[in-house]
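Chains as they are written, first to last, in the numbering used here: chain F, 803 to 929; chain S, 803 to 929.
Number of protein chains: 2
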Amino acid sequence: MLNSFYVYTMKDCTVYKTMNIIGKRWTIHILLELYKGEKKEKRFNELKRKLVYITPKILSERLKELEDKGLIANKIDDSTNLPKSEYYLTESGVDFIKIIQAIKLWGLKWKFQNEDCEKAICMYCDH
Amino acid sequence: MLNSFYVYTMKDCTVYKTMNIIGKRWTIHILLELYKGEKKEKRFNELKRKLVYITPKILSERLKELEDKGLIANKIDDSTNLPKSEYYLTESGVDFIKIIQAIKLWGLKWKFQNEDCEKAICMYCDH
DNA sequence: CAGGATCCAAAAGGATACTG
DNA sequence: CAGTATCCTTTTGGATCCTG
């Protein structure tokens with residue numbers, strides 16, 4: 803089944819690789835934050851304010867990872883003296899939101915009934 | 803919106819808590835391994851052999867976490883001199899498999915076309 | 001405003017050997 | 001067989017301060 807010319811490791815696994823994209827802390831919440839509301843473009847400090855406890859270092863790292871992986875994109879406007887950058891979900895990023903919703907529904911169904919998210923006040927994942 | 807009697811942190815978030823259950827390395831692959839095949843009960847060393855590079859320490863940890871969270875259960879037979887334990891998915895564990903499948907499909911659709919998992923030989927996530 | 005640079009603590013994972 | 005126990009390395013995340 804597996805020939806000796808190719809050592810198959812878990813790092814080649816699609817599920818593994820996908821989890822590596824979205825399994826890190828804050829990543830999913832950044833995606834949800836970008837998905838919320840009418841305005842689809844969000845600024846760096848805007849995200850930072852919404853994700854209250856995130857540090858600029860982590861936010862910067864996650865945004866870079868997500869951009870590398872194609873789930874988000876970034877418009878940079880250098881024309882003025884103050885830098886302006888707007889992050890937004892790409893098509894694949896939007897498509898990923900439904901997985902996050904499935905995760906949330908699974909959690910509500912099996913594990914966390916009557917807790918906070920269900921009250922629709924979860925500032926992190928409500929949308 | 804949030805009153806001062808309750809400081810809402812991300813640790814209360816359903817999505818966050820659910821990710822903590824399933825976001826660790828190997829967890830998803832253990833669930834898939836339990837889902838595969840006709841025989842639904844699997845032994846410890848059977849799982850260990852299938853998940854080639856996993857160490858007993860990690861497998862033991864993950865199984866315990868999954869049991870604590872109710873995604874799997876464990877029948878222990880102490881009647882003979884050799885211990886025998888069989889792990890199997892609970893209803894919530896089976897229900898979680900479709901999320902893993904959605905993750906795999908997302909990965910195949912957007913990121914990893916024409917790579918290994920698509921060839922249906924992924925020993926880790928194929929099912 | 002949008003980050004980058006440093007430093008540090010904690011967690012997670014892995015290697016190896018051992019046990020009832 | 002089904003795990004534990006130790007030890008150790010690597011990864012991750014966070015705090016804090018700094019900059020074009």
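Cβ coordinates follow ideal geometry from the N, Cα and C atoms, glycine included.
Per-residue burial, residue 855 of chain F [other beta carbons within 10 Å of its own, 16 or more giving buried] = exposed
Touching by the beta-carbon criterion (3+ pairs, under 8 Å), the region 900–907 of chain S and the region 865–881 of chain F | no
Identity of the residues DSSP links to residue 906 of chain S by a beta bridge = Beta-bridge pairing links residue 906 of chain S to no other residue.
Burial state of residue 820 of chain F (16 or more Cβ within 10 Å) | buried
Per-residue DSSP class, three states only, for residue 894 of chain F = helix
Measuring alpha carbon to alpha carbon, tell me which of F/928, F/914, F/828, F/878 ends up nearest residue 850 of chain F.
-> F/828
Beta-carbon of residue 890 of chain S versus every beta-carbon of chain F: anything under 8 Å?
-> no
Should the region 833–842 of chain S be called in touch with the region 870–888 of chain F, which here means at least 3 C-beta pairs below 8 Å?
-> no
Of the residues F/858, F/873, F/818, F/840, the one placed nearest residue 897 of chain F, counting alpha carbons only = F/873
Output the residue ranges of the alpha helix (DSSP H) runs that lie fully inside the region 804–892 of chain S and measure 4 residues or longer, sorted by chain position.
-> 816–824, 829–837, 846–852, 858–870
Between the C-alpha atoms of residue 852 of chain F and residue 924 of chain S, what's the straight-line distance to the nearest angstrom?
-> 39 Å
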